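With this note's numbering applied, the sequence shown corresponds to residues 128 to 847, in that order. To keep things clear, I will list the structure first and then write my remarks on it.
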Amino acid sequence: MPRKTNPQNGPLYQQFFEQSDDVMAHINKQGIILDLNERAETLSGYKKKELVGKRISRLFVGFTSKSLALFAANFARRMAGKKVEPYEVEARSKSGQRLFFSVNAIVLKDEKGKKTGELAVLHDITSRKDAEDKLKAIFKSIPIPAYLWKKAGNDFILIDFNEAAVKITKGGISKFMGIKASELFRGTTIANKLKGAYQEKASRTVETLYSFRTTGKKLWLNVKYAFIEPDLMLVLTENIDPQKRSAQELSNSENRYRELINRMSNGVAVYEANKNGTDFIFKDFNRAAEKIDNISKEELLGKSVKKVFPGVVKMGLFDVFQKVWKTGRPISHPVTLYKDQRLAGWRENFVYKLPTGEIVAIYQDRTGEKQAEMALRESEEQFRSLAEGMPDGVLVGIDGKNMWVNQAFADILGYTRKELAGMRADQIVAPESLPEVIKNMKARQAGKDVASKYEIAVFTRSGERKFVEVSATRTFFEGKFGSLVIARDITTRKQREQLNENLIRDVSHSLKSPIAILEMSIDLLNKGITSTDLSLIKKSAVMIEGNTKRISKDVDNIMGLYSLTQRPSEPAREEIFISEIIEDILKDEKFDMEKNNVIAYVDIGKDAESLFFNKKEIKMLLYNILDNSIKFTKNGTITIKVASTDNSIVMSFIDTGIGIKPQILHKVYDTFYREDAAYAGTGLGLSICKAVVDRNKGKILVSSEGRGKGTEVILTLPKN
Numbered sequence: 128m129p130r131k132t133n134p135q136n137g138p139l140y141q142q143f144f145e146q147s148d149d150v151m152a153h154i155n156k157q158g159i160i161l162d163l164n165e166r167a168e169t170l171s172g173y174k175k176k177e178l179v180g181k182r183i184s185r186l187f188v189g190f191t192s193k194s195l196a197l198f199a200a201n202f203a204r205r206m207a208g209k210k211v212e213p214y215e216v217e218a219r220s221k222s223g224q225r226l227f228f229s230v231n232a233i234v235l236k237d238e239k240g241k242k243t244g245e246l247a248v249l250h251d252i253t254s255r256k257d258a259e260d261k262l263k264a265i266f267k268s269i270p271i272p273a274y275l276w277k278k279a280g281n282d283f284i285l286i287d288f289n290e291a292a293v294k295i296t297k298g299g300i301s302k303f304m305g306i307k308a309s310e311l312f313r314g315t316t317i318a319n320k321l322k323g324a325y326q327e328k329a330s331r332t333v334e335t336l337y338s339f340r341t342t343g344k345k346l347w348l349n350v351k352y353a354f355i356e357p358d359l360m361l362v363l364t365e366n367i368d369p370q371k372r373s374a375q376e377l378s379n380s381e382n383r384y385r386e387l388i389n390r391m392s393n394g395v396a397v398y399e400a401n402k403n404g405t406d407f408i409f410k411d412f413n414r415a416a417e418k419i420d421n422i423s424k425e426e427l428l429g430k431s432v433k434k435v436f437p438g439v440v441k442m443g444l445f446d447v448f449q450k451v452w453k454t455g456r457p458i459s460h461p462v463t464l465y466k467d468q469r470l471a472g473w474r475e476n477f478v479y480k481l482p483t484g485e486i487v488a489i490y491q492d493r494t495g496e497k498q499a500e501m502a503l504r505e506s507e508e509q510f511r512s513l514a515e516g517m518p519d520g521v522l523v524g525i526d527g528k529n530m531w532v533n534q535a536f537a538d539i540l541g542y543t544r545k546e547l548a549g550m551r552a553d554q555i556v557a558p559e560s561l562p563e564v565i566k567n568m569k570a571r572q573a574g575k576d577v578a579s580k581y582e583i584a585v586f587t588r589s590g591e592r593k594f595v596e597v598s599a600t601r602t603f604f605e606g607k608f609g610s611l612v613i614a615r616d617i618t619t620r621k622q623r624e625q626l627n628e629n630l631i632r633d634v635s636h637s638l639k640s641p642i643a644i645l646e647m648s649i650d651l652l653n654k655g656i657t658s659t660d661l662s663l664i665k666k667s668a669v670m671i672e673g674n675t676k677r678i679s680k681d682v683d684n685i686m687g688l689y690s691l692t693q694r695p696s697e698p699a700r701e702e703i704f705i706s707e708i709i710e711d712i713l714k715d716e717k718f719d720m721e722k723n724n725v726i727a728y729v730d731i732g733k734d735a736e737s738l739f740f741n742k743k744e745i746k747m748l749l750y751n752i753l754d755n756s757i758k759f760t761k762n763g764t765i766t767i768k769v770a771s772t773d774n775s776i777v778m779s780f781i782d783t784g785i786g787i788k789p790q791i792l793h794k795v796y797d798t799f800y801r802e803d804a805a806y807a808g809t810g811l812g813l814s815i816c817k818a819v820v821d822r823n824k825g826k827i828l829v830s831s832e833g834r835g836k837g838t839e840v841i842l843t844l845p846k847n
């Protein structure tokens, strides 16, 4: 992953800092100004040396008390890691000029991720505020009913109306102050038209038959919706029922409409068709357009658009002008590169026709966004290349859905990458791990600190349960914030941990019974010694010997299984004589055989007397098979046969014991499995046998016809 760096140390940051049209202030955690750009000096009237080292409140003499408190509170919130939306403040320059700013900020961090302060960005909105004041004056003087709506979430709230609105509603409009558009215009299309005009950042004019809730009257209205930067909609409603609007009223309405357009922060150009629509002449050009295209209004008024902007034809925008002029239908022209010898940049246009026949283009400069998009695309391609070579799984998720995974991640879960694309977290993560995953994902998306590593359980395509160690962080991918997840398969490690836990538990459990018998035997021995009763002494000695061997064998089993599963190195082999091994085991088992009245018959073929094997492992293998047969056989026999084939030694162990239910035969190799807890032991016997056989590329088969019908175990081991 790329190394984090301080953005304020880079040349791009310095260029951006010094050349920005906004006031830029670098502030430390204590609210002290560390650096300012030239724009700050220009607007404040102070030199940089007068302000650096002072608190931010000194940047402008007259931060109002309300603005200063708001600035300080939001600064503290950002330093505490909380999200702060842009807000507006009022201030005074050194000369006493009233200024308004929209404030945003970028939290700065050092290489270790520790907050060091912020870069405060104060965008000058004084002109807009002045325009709003003028607009309010114009608004009050509009002779037709006018309403001002403010965007609120996915709706609009009525915040003002003029005297004409009071008159037409007979004063009833006052009680609807603050009402939502969706509520006031329920059952009509007006709220949707209001929303549509806002989304297009343009104006609409429609005729509608409207029933006034204040008077109960139905009137045909000519409704005009006009967008006012940044979040207002002006609605003008002319009563066209009497059809008495004069030409002057229409002209005034159009002039007011144009004034609203001129106040917009987007570029606005007004054209008049020339030579029957084969060319278009500039009629108006607002201040935002002058800034975007680096040209003054005076340089282009009355001139052909093709001469001032020769790239407009190749861009495709000129064709849009002609279509809108001919049809009257507005057209959105998507983000497209404009280029000529003087100018180059990405533009997004919305073109519509005025009732006067003029064409209006409202456009935005998308150059910065497009450059950032291309840089991001290049970065994402580099990320994909890096992630493809990683041995760990890599996933990028947005809103709980998989957007991209590498092949290693697909291999962990057994899916194809195509199958994983679009899958949700709840389709992969085990239910007990899902709440933690969702909680951490939401916290990351909100920019909060989350544990960098944690373990979760997942399900593979086949339903197998696996464990992965997750390292996740917030990322930006394909234009959206999401989570970058690195997953390491730790299933084997978890299984070993579980095995170790089971070993500890079952060692404790399996040793309790023989230890208890040893304690009882020692007590019996003491009684025999005290009473000089030789029979008690002999009996206790036999019990002590038998249970000491039992403990020793159980410990050997447990350590043997641990050795096989934890350190599976190649075993040392030597020539083993099978008869000697079986004879030694039967001697060790003599006590239990006599106790259960079991007789063993051994039949070893001539050419099956020996094989090359690890001595310790063959003892564990044969001991556990015979120990099971003796343990589960009462008053019966065990028949041991050893034969030879070309490459293998085949051993069969047939007992007349209690047998095994056919439906549970598949469980007998499971670690610690015991069908009947009444019988002593750890439940490790056949799992150890299976581990030894698999390790030596042999085979083991356990069969039984059912309870009371005995058991047969067949071993097939390679001779070499």
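By construction, the Cβ of each residue, glycine as well, lies at the ideal position given by its N, Cα and C atoms. Fair warning: this is a prediction, and the values are worked out from it, not measured in the lab.
- A straight-line Cα-Cα distance of about 6 Å links Asp-237 and Thr-243.
- Close CB contacts of Arg-615 within its chain, under the 7 Å cut and outside five residues either way in sequence, are with Asp-519, Val-595 and Glu-596 (chain order).
- Taking one beta carbon from each stretch, the stretch 546 to 563 and the stretch 525 to 532 have 3 or more pairs nearer than 8 Å; the two touch.
- Per DSSP, Asp-526 has no beta bridge partner at all.
- Secondary structure note for Asp-406: its beta strand (DSSP E) is the uninterrupted segment 406 to 412.
- Between the stretch 785 to 793 and the stretch 822 to 838, the count of Cβ pairs shorter than 8 Å is three or higher; the stretches touch.
- The straight-line gap separating the alpha-carbon atoms of Leu-246 and Val-216 is approximately 17 Å.
- Pro-213 is classed as exposed because its beta carbon has fewer than 16 other beta carbons within 10 Å across all chains shown.
- When secondary structure is reduced to three states using DSSP, Val-829 falls in the strand class.
- In this structure the stretch 416 to 429 does not touch the stretch 440 to 456; the number of beta carbon pairs closer than 8 Å is below three.
- DSSP places Tyr-337 in the uninterrupted beta strand (DSSP E) bounded by 330 to 338.
- Beta-carbon to beta-carbon, Thr-332 and Lys-320 are separated by about 10 Å, too far to satisfy the 8 Å threshold.
- For Glu-327, the uninterrupted alpha helix (DSSP H) run begins and ends at 317 to 327, by DSSP.
- CA-CA distance, Met-778 to Thr-843, rounds to 7 Å.
- If you draw a straight line from the Cα of Ile-757 to the Cα of Leu-748, it comes to about 15 Å.
- In this structure Tyr-274 is buried. Its beta-carbon is surrounded by 16 or more other beta-carbon atoms within 10 angstroms.
- Cβ neighbours of Ala-699 within its own chain (closer than 8 Å, five residues either side excluded): Asn-741.
- Per DSSP, the continuous alpha helix (DSSP H) segment holding Ser-706 begins and ends at 705 to 715.
- Within the same chain, and ignoring the five residues on either side of Asn-847 in sequence, the residues whose Cβ sits closer than 7 Å to its Cβ are Phe-739.
- Per the Cβ contact rule, the stretch 164 to 182 is in contact with the stretch 218 to 228 (3 or more Cβ pairs under 8 Å).
- Comparing alpha carbon positions, the residue from Val-725, Ile-703 and Lys-746 closest to Ile-712 is Lys-746.
- Look at the beta carbons and you see the stretch 580 to 599 touching the stretch 532 to 543: at least three pairs across the two are nearer than 8 Å.
- By the CB criterion at 9 Å, Phe-436 and Leu-470 fall inside the cutoff.
- For Thr-342, the secondary structure class from DSSP, reduced to helix, strand or coil, is coil.
- The C-alpha of Val-820 is placed about 7 Å away from the C-alpha of Ile-827.
- Exclusion of the five residues before and after Tyr-479 leaves Ala-329, Val-451, Pro-457 and Val-487 as the residues of its chain whose Cβ lies within less than 7 Å of its Cβ.
- Of the candidates Ala-415, Lys-402, Phe-407 and Lys-410, Ala-415 places its Cα closest to the Cα of Ser-392.
- Pairing Gly-472 with Arg-493, the inter-Cα distance amounts to about 8 Å.
- Spatial neighbours of Met-442 in its own chain (CB-CB distance under 6 Å, excluding positions within 5 residues in sequence) are listed in chain order as Thr-463 and Tyr-465.
- DSSP, reduced to helix, strand and coil, places Glu-701 within a strand of the structure shown.
- Straight through space, the alpha carbons of Ser-610 and Arg-834 are spaced by roughly 56 Å.
- Around the beta carbon of Met-517, fewer than 16 other beta carbons sit within 10 angstroms, so the residue counts as exposed.
- Pairing Val-211 with Val-248, the inter-Cα distance amounts to about 13 Å.
- Of Ser-589, Thr-587, Ile-583 and Lys-607, the smallest CA-CA separation from Ile-613 is found for Ile-583.
- Within the stretch 705 to 772, the alpha helix (DSSP H) runs of at least 4 residues that lie entirely inside it are, in chain order, 705 to 715, 717 to 723 and 742 to 758.
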